[in-house]
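Engineer: Take a look at the following structure, please.
Protein chains in written order, with the working numbering: chain A, 10 to 209; chain B, 27 to 433.
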């Protein structure tokens, strides 16, 4: 056992930019302008962050653009980022869209490189925690339906402009959204006592 | 014979109630009913949560018009075990046993994906031999899972014999994994940084024998299912998912390839050492019986994948290098701040992990995409218009595991 805790170095700054993310960022900037808030092209998880109001426009663009052709919404994830101190405001909820293109074929040199895949794109949206409303992308990718319902169920992100959000994994009367960092275990559920992990 | 003869009275027997005589209908009353339509209504039927064809606990509320399904709504969540909540409440390595329990028919593949995600997060390099062992175990698991799925599908649509045949070989595969890991279904053998146990020469011989046995039996399964006229009648042209629908709904795995989309994560976005073992990805051709994207093609893709997996395992066993099976790991594993997204090809489709680290011992967020979750969602679009019996055929052919749908 080697110590101290090996903290392997983060990717070098000279790491090559992810070609798909770079292309998408260029096209999104041209179409949406200031609504593109953040672009990370290098590293292990490149992504493009857009304003919540622009997510449907961004989604439609990356789906319909023949060079990007992101025809599948692979996964929708919510991540809770509460404020470190109360003075920092309410904190934020992040929604990450992992998109895949089946129309794009991976080039041979991409498969031989370390990237291994070039048909993948991540979009991000950040909304305030006290008003977590994100326009739904269900009209763009119908498969996002259940993923959005799950994100509502577990994190309480309200997706607007879609059929009513219902819980999908938890019972309808479950209190709160358990993957929020400040969620507290209820004392009991229909007479069944709940013992939080710390008390076991 | 005239109807006007008096009916002989039934002699009263103590304790026996005489059957009620049917009311005599006047012919003139009947004529008033002629020309009127019968009252019909849609019926809402609950299929499940306990139903032999739901492969677990799935409740599907079906609206039916006679035998035809007009709308349906799957209600999932009965098996929800908070995998993601547990994932962010435990140190990284303690989560791995929970991963096994998501798709309990392909535990090795689940562990493989989770370990890849955590290793990429922490920058851990896995020894060469461990990569081979992982690949071999994952493909043996895929063979076991696929032949089980083939047999169970027969059971779903009324053929009991193939199930008994495939179960026999599947148990041999599970015995192999049992010898390595000490458990029949839930292994916890793929660990962060490598694998827990090494393959012995005896195990390798046993594995070759298993692969030979499965290969010998495949024509037998085919004679029972794919070449069976009754099976073809039940599956050809039933539950057709077009390539466009499959992509839009996020269907992955054999169901996606059965719809004619040529994509396999192992070949097109390779992880581990899959890029060293080129193999043929079976994609539904249009020359088969039925329509591309129907239940028959999904079954066919699964059968073809078994052949490919057998070939991969054989080549990997021959090329197995000597060496370590576990990387040197720090005592406390704290990956640096960052996030990764990893997807692997599970027997049921693409399993993906999205992990966010804040530099602590526990992850900030552990997200898991179960392939069955998206695969079952497509049923809401495909099923309306089919018969109830075909709905069973459709859901069986998607080969869902509810443990993974609900996580």
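No residue lacks a Cβ here, since even glycine has one placed at the ideal position from N, Cα and C.
Going by DSSP, what residues sit across from residue 169 (chain A) in a beta bridge?
Structural biologist: Here residue 169 (chain A) refers to the residue found at position 160 when the first chain is read from its first residue. Paired residue(s): A:144.
Engineer: Quick one: list the residues of chain A neighbouring residue 289 (chain B), beta-carbon separation under 8 angstroms, in chain order.
Structural biologist: For the purposes of this step, residue 289 (chain B) is identified with residue 263 of the second chain, where counting begins at 1. Going along chain A in sequence order, the residues near residue 289 (chain B) (Cβ under 8 angstroms) are 111.
Engineer: My output table needs one value for residue 196 (chain A): the three-state DSSP class, helix, strand or coil.
Structural biologist: Numbered from 1 along the first chain, position 187 holds the residue referred to as residue 196 (chain A). DSSP places residue 196 (chain A) in coil when its eight states are reduced to three.
Engineer: Along the chain, where does the alpha helix (DSSP H) containing residue 187 (chain B) start, and where does it finish?
Structural biologist: Residue numbering aside, residue 187 (chain B) sits at position 161 when the second chain is read from its first letter. Counting along the chain, the alpha helix (DSSP H) containing residue 187 (chain B) begins and ends at 187-207.
Engineer: Name the chain A residues whose beta carbon is nearer than 8 angstroms to that of residue 365 (chain B)?
Structural biologist: Working through the second chain from its first residue, we reach residue 365 (chain B) at position 339. Against chain A, the beta carbon of residue 365 (chain B) has neighbours under 8 angstroms at 53, 54, listed in chain order.
Engineer: Could you list which residues in chain B have their beta carbon closer than 8 angstroms to that of residue 177 (chain A), in chain order?
Structural biologist: Within the first chain, the letter at position 168 stands for residue 177 (chain A). The answer, in chain order, is 102, 103.
Engineer: For chain A, is any of its Cβ atoms less than 7 angstroms away from the one on residue 382 (chain B)?
Structural biologist: Position 356 of the second chain, counted from the first residue, corresponds to residue 382 (chain B). At a cut-off of 7 angstroms between C-beta atoms, residue 382 (chain B) counts as an interface residue with respect to chain A.
Engineer: Residue 160 (chain A) and residue 85 (chain A): beta carbons closer than 7 angstroms?
Structural biologist: The residue given as residue 160 (chain A) occupies position 151 in the first chain. The residue given as residue 85 (chain A) occupies position 76 in the first chain. Cβ distance < 7 angstroms, so residue 160 (chain A) and residue 85 (chain A) count as in contact.
Engineer: What does a CB cutoff of less than 8 angstroms around residue 326 (chain B) pick up in its chain, not counting 5 residues either side in sequence?
Structural biologist: Counting from one through the second chain, the residue named residue 326 (chain B) turns up at place 300. These residues qualify, in order along the chain: 252, 284, 308, 310, 314.
Engineer: Anything in the stretch 398-410 of chain B with a Cβ closer than 7 angstroms to a Cβ of chain A? List those residues in chain order, please.
Structural biologist: 399, 400, 403
Engineer: Pull the bridge partners of residue 76 (chain B) from the DSSP assignment, please.
Structural biologist: Within the second chain, the letter at position 50 stands for residue 76 (chain B). Paired residue(s): B:83.
Engineer: Please list the residues of the stretch 67-91 of chain A that have a C-beta atom closer than 7 angstroms to any C-beta atom in chain B, keeping them in chain order.
Structural biologist: Closer than 7 angstroms at the C-beta level to chain B, one finds these residues of the stretch 67-91 of chain A: 80, 81, 82, 83, 84, 86, 88.
Engineer: Quick one: which chain A residues come within Cβ less than 7 angstroms of residue 121 (chain B)?
Structural biologist: The residue given as residue 121 (chain B) occupies position 95 in the second chain. Those do not exist, as residue 121 (chain B) stays about 13 angstroms from chain A at its closest Cβ, beyond 7 angstroms.
Engineer: Residues of the stretch 33-45 of chain A in Cβ contact with chain B at a cutoff of 8 angstroms, in chain order, please.
Structural biologist: Listed in sequence order: no entries.
Engineer: Leaving aside the five residues before and after residue 141 (chain A) along the sequence, list all residues of the same chain whose C-beta is less than 7 angstroms from its C-beta, in chain order.
Structural biologist: Residue 141 (chain A) sits at position 132 when you count from the first residue of the first chain. Hits under 7 angstroms: 102, 165, 166, 167.
Engineer: Checking contacts by CB at 7 angstroms: is residue 185 (chain A) closer than that to chain B?
Structural biologist: Taking the first residue of the first chain as 1, we reach residue 185 (chain A) at position 176. By this cut-off, residue 185 (chain A) is not an interface position.
Engineer: Check whether the Cβ of residue 155 (chain A) lies closer than 7 angstroms to any Cβ atom in chain B.
Structural biologist: The residue labelled residue 155 (chain A) in the question sits at position 146 within the first chain. Chain B, which has a Cβ nearer than 7 angstroms to the Cβ of residue 155 (chain A), makes this yes.
Engineer: If you follow the alpha helix (DSSP H) that residue 115 (chain B) is part of, which residue opens it and which one closes it?
Structural biologist: Here residue 115 (chain B) is taken as the residue at index 89 of the second chain, counted from 1. First-last of the alpha helix (DSSP H) with residue 115 (chain B): 109-115.
Engineer: Please check if any C-beta of chain A sits within less than 7 angstroms of the C-beta of residue 175 (chain B).
Structural biologist: Taking the second chain and counting its residues from 1, one reaches residue 175 (chain B) at position 149. With respect to chain A, the C-beta atom of residue 175 (chain B) has no partner C-beta closer than 7 angstroms.
Engineer: Helix or strand or just coil, what does DSSP make of residue 69 (chain A)?
Structural biologist: Locating residue 69 (chain A) in the first chain gives position 60, where the first residue counts as 1. Helix at residue 69 (chain A).
Engineer: How many Å lie between residue 357 (chain B) and residue 144 (chain B) at the Cα?
Structural biologist: Here residue 357 (chain B) refers to the residue found at position 331 when the second chain is read from its first residue. Here residue 144 (chain B) refers to the residue found at position 118 when the second chain is read from its first residue. Those two C-alpha atoms are separated by around 15 angstroms.
Engineer: Note down the Cα distance separating residue 163 (chain A) from residue 123 (chain B), rounded to an integer number of angstroms.
Structural biologist: In the first chain, residue 163 (chain A) corresponds to position 154, counting from 1. In the second chain, residue 123 (chain B) corresponds to position 97, counting from 1. Rounded to whole angstroms, residue 163 (chain A) to residue 123 (chain B) spans 22 angstroms at the Cα level.
Engineer: So which residues of chain B does residue 206 (chain A) contact, with C-beta pairs closer than 7 angstroms?
Structural biologist: Locating residue 206 (chain A) in the first chain gives position 197, where the first residue counts as 1. Chain B residues near residue 206 (chain A): 115.
Engineer: Compare the C-alpha of residue 163 (chain B) against each of B:234, B:97, B:91 and name the closest.
Structural biologist: The sequence position of residue 163 (chain B) within the second chain is 137, counting from 1. Among B:234, B:97, B:91, the Cα nearest to that of residue 163 (chain B) is on B:234.
Engineer: In its own chain, which residues sit with a C-beta less than 6 angstroms from the C-beta of residue 112 (chain B), not counting the 5 before and 5 after it?
Structural biologist: Here residue 112 (chain B) refers to the residue found at position 86 of the second chain. The residues are 124.
Engineer: Assign residue 181 (chain A) to buried or exposed, taking buried as 16 or more other Cβ atoms, counted over all protein chains shown, within 10 Å of its Cβ.
Structural biologist: Here residue 181 (chain A) refers to the residue found at position 172 of the first chain. Result: exposed.
Engineer: Using a C-beta to C-beta distance shorter than 7 angstroms, which residues of chain A count as neighbours of residue 391 (chain B)?
Structural biologist: In the second chain, the residue the question calls residue 391 (chain B) occupies position 365. 88, listed in chain order.
Engineer: Please name the residue or residues paired with residue 106 (chain A) in a DSSP beta bridge.
Structural biologist: Residue numbering aside, residue 106 (chain A) sits at position 97 when the first chain is read from its first letter. Answer is A:85, A:132, bridged to residue 106 (chain A).
Engineer: Please state the DSSP three-state secondary structure of residue 394 (chain B).
Structural biologist: Residue mapping note: residue 394 (chain B) aligns to position 368 of the second chain, counting from 1. DSSP, reduced to helix, strand and coil, places residue 394 (chain B) within a strand of the structure shown.
Engineer: How long is the line joining the alpha carbons of residue 261 (chain B) and residue 363 (chain B), rounded to whole angstroms?
Structural biologist: Start at 1 with the first residue of the second chain, and residue 261 (chain B) comes out as number 235. Start at 1 with the first residue of the second chain, and residue 363 (chain B) comes out as number 337. When rounded, the distance between both Cα atoms is 50 angstroms.
Engineer: State yes or no: is the beta carbon of residue 151 (chain A) nearer than 7 angstroms to at least one beta carbon in chain B?
Structural biologist: Here residue 151 (chain A) refers to the residue found at position 142 of the first chain. True, the Cβ-Cβ gap to chain B drops below 7 angstroms.
Engineer: From the DSSP output, read off the bridge partner residues of residue 372 (chain B).
Structural biologist: Here residue 372 (chain B) corresponds to residue number 346 of the second chain, with the count starting at 1. B:375, per the DSSP bridge assignment.
Engineer: Between residue 21 (chain A) and residue 52 (chain A), what straight-line distance do the alpha-carbon atoms span, to the nearest angstrom?
Structural biologist: Working through the first chain from its first residue, we reach residue 21 (chain A) at position 12. Working through the first chain from its first residue, we reach residue 52 (chain A) at position 43. Caution applies to residue 21 (chain A), whose pLDDT of 44 falls short of 50 and renders its modelled position unreliable; the model cannot decide the point.
Engineer: Using a cut-off of 8 angstroms between C-beta atoms, extract the partners of residue 146 (chain A) located in chain B.
Structural biologist: The residue labelled residue 146 (chain A) in the question sits at position 137 within the first chain. Correct list: empty, because the minimum Cβ distance to chain B is about 12 angstroms.
Engineer: CA-CA distance, residue 79 (chain A) and residue 334 (chain B)?
Structural biologist: Along the first chain, read from residue 1 onward, the residue named residue 79 (chain A) stands at position 70. Along the second chain, read from residue 1 onward, the residue named residue 334 (chain B) stands at position 308. The alpha-carbon atoms of residue 79 (chain A) and residue 334 (chain B) are separated by roughly 29 angstroms.
Engineer: Strictly under 7 angstroms for the Cβ-Cβ distance: is residue 16 (chain B) near chain A by that measure?
Structural biologist: With chain B running from 27 to 433 in the structure shown, residue 16 (chain B) is simply not present.
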